[in-house]
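Trainee: Quick one: the structure is below, questions incoming.
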Amino acid sequence: MPGHLSTDILVVGSGIAGLWFALRASRLGRVLLITKKSDVESATNYAQGGIAAATAENDAPGLHASDTLATGAGLARPAIVRLVTETGPALVRELHETGVGFSTYVDARGREQFDLGQEGGHHRRRIVHAADRTGLEIERGLVRAVKSSGQVMLSEEHFAAELLLDDSGRCVGCQMLSTDSGEPIVVRARVVMLATGGIGQAYRHTTNPRIATGDGIAMGFRAGARVANMEFIQFHPTSLYGSDINGRAFLISEAVRGEGAILRTRDGEPFMSRYHPDASLAPRDIVARAADAEMKSRGEDYVLLDATHLAPELIRRRFPTIHQTCLESGIDMTKDPIPVVPAAHYVCGGLEVNEWSETTVSGLLAAGECACTGLHGANRLASNSLLEALVFAERAADHLVEAGIPGEPGDIAVSLLLPEDGAAVRRAGALREELQGLMWQHAGIVRTDDGLRHAGDRLAELCEQASSLGRAASVPCRETVNLLEVARLVVTSARLRPESRGLHYNQDHPQMDPGFARDTIVDRARIA
Ligand SMILES: Cc1cc2nc3c(=O)[nH]c(=O)nc-3n(C[C@H](O)[C@H](O)[C@H](O)COP(=O)(O)OP(=O)(O)OC[C@H]3O[C@@H](n4cnc5c(N)ncnc54)[C@H](O)[C@@H]3O)c2cc1C
Numbered sequence: 013m014p015g016h017l018s019t020d021i022l023v024v025g026s027g028i029a030g031l032w033f034a035l036r037a038s039r040l041g042r043v044l045l046i047t048k049k050s051d052v053e054s055a056t057n058y059a060q061g062g063i064a065a066a067t068a069e070n071d072a073p074g075l076h077a078s079d080t081l082a083t084g085a086g087l088a089r090p091a092i093v094r095l096v097t098e099t100g101p102a103l104v105r106e107l108h109e110t111g112v113g114f115s116t117y118v119d120a121r122g123r124e125q126f127d128l129g130q131e132g133g134h135h136r137r138r139i140v141h142a143a144d145r146t147g148l149e150i151e152r153g154l155v156r157a158v159k160s161s162g163q164v165m166l167s168e169e170h171f172a173a174e175l176l177l178d179d180s181g182r183c184v185g186c187q188m189l190s191t192d193s194g195e196p197i198v199v200r201a202r203v204v205m206l207a208t209g210g211i212g213q214a215y216r217h218t219t220n221p222r223i224a225t226g227d228g229i230a231m232g233f234r235a236g237a238r239v240a241n242m243e244f245i246q247f248h249p250t251s252l253y254g255s256d257i258n259g260r261a262f263l264i265s266e267a268v269r270g271e272g273a274i275l276r277t278r279d280g281e282p283f284m285s286r287y288h289p290d291a292s293l294a295p296r297d298i299v300a301r302a303a304d305a306e307m308k309s310r311g312e313d314y315v316l317l318d319a320t321h322l323a324p325e326l327i328r329r330r331f332p333t334i335h336q337t338c339l340e341s342g343i344d345m346t347k348d349p350i351p352v353v354p355a356a357h358y359v360c361g362g363l364e365v366n367e368w369s370e371t372t373v374s375g376l377l378a379a380g381e382c383a384c385t386g387l388h389g390a391n392r393l394a395s396n397s398l399l400e401a402l403v404f405a406e407r408a409a410d411h412l413v414e415a416g417i418p419g420e421p422g423d424i425a426v427s428l429l430l431p432e433d434g435a436a437v438r439r440a441g442a443l444r445e446e447l448q449g450l451m452w453q454h455a456g457i458v459r460t461d462d463g464l465r466h467a468g469d470r471l472a473e474l475c476e477q478a479s480s481l482g483r484a485a486s487v488p489c490r491e492t493v494n495l496l497e498v499a500r501l502v503v504t505s506a507r508l509r510p511e512s513r514g515l516h517y518n519q520d521h522p523q524m525d526p527g528f529a530r531d532t533i534v535d536r537a538r539i540a
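Be aware that the sequence shown starts at 13, since it is given in this note's numbering, and climbs by one per residue.
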């Protein structure tokens, strides 16, 4: 028999979205925050560049909004972009006051100012950062704030396996598994917030940590929520070639190019000016495709990121982690160009939410990378995702305070999970490896109609093979099932868009088609 727990608000995930929401929602009642690994383990923890907000005197939310809209390739929603860019600066200051130590300096008038970084697609310096460890600092600061609030029960090593719905289709909790003991536990809640992050582990090469298996998107989708824009996957152009740190490629932040580093081919040619007037600071999709094209046409495994002309002192002060990690790989970036390759980095799509973070399932909220708010459209402007997570976590909590949380759920039927078995876990591992290769090859930086069709057919077969894994009380089995689910969502959405727009590039339809200037919405009826 599974154990039982009850809470007012259940939060799944301890990245920036889950932690900020838990902190803000704790005014309303008992909050239980569960997270599948240790408290800080999340994509947030590895963010380097920073969080974008118009805080400088020469900047304004309107300028930040125009940069965001220009990058979104016709699909970023102007009202949402305005809302995020206008509320962002005050919230970033609050984050700082909550104990997140961003890099600052004291100006000539004796006032503390953020030390702002520059990144591609931004026409002002507006990246608030903590050296190149912004995410780590956010996690540390927010976990500390949540723990010291005394209002949130934070439960590490607990995996949300499936959402629970009552007869009316309202979300009333989840089944979770203790990752230590495998014990299933039923959690009843009046409202559930999914803040489970992205899907990078669906690809062979990714900057995302192992937790990024699309659990929230897959669970929400299975519970009936609509999913939007899953074809828009951002590939970061510069991950350290050959690096594999616990399942993720080490990222060389865009801020390095922001400070003047130049992309070159292996024989030293600076190639980006052939692709875009902003050269190495062009939007990420253009840089990733250019690097991919150069590598393919020359038969080379990587391109070079050259920061050797920058002052060594600037590199060591501004990029201590990157400098150190490169040194550990035998590269002194003050003297040697860094070998880099593109890797899957961010999903712009996710569970469709309104301006209060409500999904299309009653009682179910989503924020952060697992949600699709309309901010990014077809492409994400650098450093806008931490901001989006913060703004929408805040709005979700504010709205709950205003509207009140729903009443106690009634009785719910729970289907029992089968005990974990070794053979199933091995099968899950093999399926995961095949799907990662399939996605990298056919649903990656450059796509084709045939490739997408092949990926769709093969994924359907893999889902068939994985059907029994979906009932297992096993984290690896359930993660594989979730990865298959989100991979199918990516491929289905990509096939519904026979054009190229933003992050979705299909060689058979290389132009943008105004007829497709709309979101791609998928629900269970459409994928079945
Ligand atoms: C290397 C790297 C660098 C980046 N740099 C930047 C940057 O500079 N600026 C920027 O704006 N964005 C950056 N991004 C993107 C940004 O970090 C993420 O989009 C953002 O942190 C997502 O926050 P989140 O709270 O939605 O999810 P995450 O931070 O990923 O947190 C998800 C949480 O959910 C938990 N979880 C997942 N599934 C389950 C489950 N089934 N049960 C229980 N818990 C679960 C995870 O353990 C984790 O705690 C970067 C991403 C990476 C990978």
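Ideal placement from N, C-alpha and C gives every residue a C-beta, glycine not left out.
1) Counting only runs of 3+ residues fully inside the segment 168-221, write out the beta strand (DSSP E) ranges in chain order.
2) Pull up the DSSP beta-bridge partners for Leu7, would you.
3) Helix, strand or coil for Phe247 per DSSP?
4) Using the three-state DSSP reduction, which class does Asn494 fall into: helix, strand or coil?
5) Determine, using beta carbons only, whether Met242 and Leu501 come nearer to each other than 7 Å.
6) Is Gly270 helix, strand or coil when you go by DSSP?
7) Given Thr11, which residues of its chain have a CB within under 8 Å of its CB, disregarding the five upstream and five downstream residues?
8) Find out if the Cβ-Cβ distance for the pair Ala4, Val104 is shorter than 7 Å.
9) Residues in the same chain with beta-carbon distance under 7 Å from Pro196, minus the five sequence neighbours each way, listed in chain order, please.
10) Residue range of the alpha helix (DSSP H) that Gln523 falls in?
11) Let's test the definition: count the other Cβ atoms within 10 Å of the Cβ of Leu464 and tell me whether it reaches 16, buried, or not, exposed.
12) Flag Ala29 as yes when its Cβ comes closer than 6 Å to any non-hydrogen atom of ligand 1, and as no otherwise.
13) So Asp304 and Ile457 are supposed to be a Cβ contact under 8 Å. How far apart are they, rounded?
14) Below 8 Å, how does it come out for the segment 91-99 and the segment 423-442: are there three or more Cβ pairs, yes or no?
15) Just grab the DSSP bridge partners of Glu364 for me.
16) Spatial neighbours of Gln541 within its chain, please: C-beta separation below 7 Å, excluding the five flanking residues on both sides.
17) With DSSP as the reference, please indicate the residues paired to Met451 in a beta bridge.
18) If you pair each beta-carbon of the segment 365-385 with each one of the segment 108-120, do three or more pairs fall below 8 Å?
19) Using a Cβ-Cβ cutoff of less than 7 Å, which residues in the same chain neighbour Val118 once the five nearest sequence positions on both sides are dropped?
20) Quick check: what's the CA-CA separation for Gly86 versus Gly162?
21) Quickly, what does DSSP pair His16 with across the bridge? List them, please.
22) Starting from Ile229, follow the alpha helix (DSSP H) in both directions and report where the run begins and ends.
23) Between the C-alpha atoms of Glu271 and Ile150, what's the straight-line distance to the nearest angstrom?
24) Check whether the segment 274-284 and the segment 327-347 are in contact - that is, three or more C-beta pairs closer than 8 Å.
25) Is there at least one non-hydrogen atom of ligand 1 closer than 6 Å to the beta-carbon of Tyr287?
26) Taking Thr492 and Leu508 to be in contact with their CB atoms under 8 Å, please state how far apart those CB atoms are, rounded to whole angstroms.
27) Compute the beta-carbon to beta-carbon distance between Arg238 and Ile417, rounded to the nearest angstrom, for a pair I have assumed lies under 8 Å.
28) I need the DSSP call for Ala64, collapsed to helix, strand or coil.
29) Which partner residues of Thr116 appear in the DSSP bridge assignment?
30) Which residues in the same chain have their Cβ closer than 7 Å to the Cβ of Pro351, if we skip the five residues on either side of it in sequence?
Mentor: Reading off the structure:
1) 170-177, 183-190, 196-206
2) For the chain, the structure presents residues 13 to 540; residue 7 sits outside this window and is missing.
3) Looking up residue 247 in the sequence shown gives position 235. Note: Phe247 maps to strand in three-state DSSP.
4) On the sequence shown, position 482 is the one that residue 494 refers to. Three-state DSSP puts Asn494 in a helix.
5) For the purposes of this step, residue 242 is taken as the residue at position 230 of the sequence shown. For the purposes of this step, residue 501 is taken as the residue at position 489 of the sequence shown. Yes, Cβ-Cβ distance for Met242 and Leu501 is below 7 Å.
6) Looking up residue 270 in the sequence shown gives position 258. Gly270: helix per DSSP, three-state reduction.
7) Residue 11 lies beyond the residue range present for the chain, which begins at 13 and ends at 540; the question has no answer from this structure.
8) Limits of the chain in this structure are 13 at one end and 540 at the other, which puts residue 4 out of reach.
9) The residue labelled residue 196 in the question sits at position 184 within the sequence shown. Hits under 7 Å: Pro14, Gln187, Leu189, Leu429, Ala485.
10) Within the sequence shown, residue 523 is the residue found at index 511, counting from 1. Looking at the DSSP string, Gln523 is not in any alpha helix (DSSP H), and its letter there is neither H nor E.
11) In the sequence shown, the residue the question calls residue 464 occupies position 452. Label assigned to Leu464: buried.
12) Along the sequence shown, read from residue 1 onward, the residue named residue 29 stands at position 17. Yes, since a heavy atom of ligand 1 falls inside the 6 Å radius drawn around the Cβ of Ala29.
13) Reading the sequence shown from its first residue, position 292 is the one you call residue 304. Reading the sequence shown from its first residue, position 445 is the one you call residue 457. With 8 Å as the limit, Asp304 and Ile457 qualify as a contact, their Cβ atoms being about 5 Å apart.
14) no
15) On the sequence shown, residue 364 is found 352 positions in, with the first residue counted as 1. Paired residues: Cys384.
16) Residue 541 lies beyond the residue range present for the chain, which begins at 13 and ends at 540; the question has no answer from this structure.
17) Here residue 451 refers to the residue found at position 439 of the sequence shown. None; Met451 has no bridge partner.
18) no
19) For the purposes of this step, residue 118 is taken as the residue at position 106 of the sequence shown. Taken in chain order, the residues that qualify are Glu124.
20) The sequence position of residue 86 within the sequence shown is 74, counting from 1. The sequence position of residue 162 within the sequence shown is 150, counting from 1. In a straight line, the C-alpha of Gly86 is about 44 Å away from that of Gly162.
21) Position 4 of the sequence shown holds residue 16. BP columns for His16 point to Val198.
22) Residue mapping note: residue 229 aligns to position 217 of the sequence shown, counting from 1. Ile229 -> alpha helix (DSSP H) spans 227-234.
23) Residue 271 sits at position 259 when you count from the first residue of the sequence shown. Residue 150 sits at position 138 when you count from the first residue of the sequence shown. So the two alpha carbons sit approximately 23 Å from each other.
24) no
25) Position 275 of the sequence shown, counting from 1, holds the residue named residue 287. Flag unset: Cβ of Tyr287 not near ligand 1.
26) Sequence index remark: in the sequence shown, residue 492 carries index 480 (1-based). Sequence index remark: in the sequence shown, residue 508 carries index 496 (1-based). Thr492 to Leu508, Cβ: 25 Å. No contact.
27) Counted from its first residue, the sequence shown places residue 238 at position 226. Counted from its first residue, the sequence shown places residue 417 at position 405. That belief does not hold up - the Cβ atoms of Arg238 and Ile417 are roughly 23 Å apart, past 8 Å.
28) Locating residue 64 in the sequence shown gives position 52, where the first residue counts as 1. DSSP places Ala64 in strand when its eight states are reduced to three.
29) By 1-based counting over the sequence shown, the position of residue 116 is 104. Phe126, per the DSSP bridge assignment.
30) Numbered from 1 along the sequence shown, position 339 holds the residue referred to as residue 351. Hits under 7 Å: Tyr253, Tyr314, Leu316.
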